[in-house]
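Asks: Have a look at this one.
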Amino acid sequence: MKNYESVIVLTPVLSDEQMQETVKKYRELITEHKGEIAHEDNWGLTKLAYPIQKKSTGFYHIFEYKANPAFIAEFELALKRDERVLRFLTIALDKHGVVYNQRKRNGEFNKAKGVAAAANTKIQIEEA
């Protein structure tokens, strides 16, 4: 099994209930095919960089999961056929991508920036 990350952009005309139902459908599709979801993230309603199907916003949802490579074609076919999905992108993660995502979820990058900012502030105070 390989590691994958899929970003799905859903149409903004969906209600919260319809959006949750759509996300649940794809979550169950992954688990039905013996996939293991490592992490899910809902970015909510976000402005698109350019209009897609005359829509300027969309609901972003990200799945990080392990699955068989043969499943990805079936998963993407289901996404293509769904009218509620504006766009999607699935990438295969290498071991470095998995480690990076875990560190990002744990907040290691934000902590490092906070420590560096605090150190810079301390240096500026001492100079004054």
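For the sequence shown, the positions run 4 to 131 when our numbering is used. Think of the CB as a built atom: it goes at the ideal place given N, C-alpha and C, for glycine as much as any other residue.
Write down every uninterrupted run of the beta strand (DSSP E) in the region 9-86 whose length is 3 residues or greater and which is fully enclosed by it, in chain order.
Replies: If we require 3 residues or more, the beta strand (DSSP E) runs fully inside the region 9-86 come out as 39-55 and 58-70.
Asks: Going by DSSP in three states, residue 6 sits in which element: helix, strand or coil?
Replies: It is a strand residue.
Asks: Among 94, 43, 99 and 13, which one has its Cα closest to the Cα of residue 72?
Replies: Comparing Cα-Cα distances from residue 72 to each of 94, 43, 99 and 13, the minimum goes to 94.
Asks: When the Cα atoms are used, what is the spatial distance from residue 85 to residue 100?
Replies: So the alpha carbons of these two residues sit roughly 28 angstroms apart.
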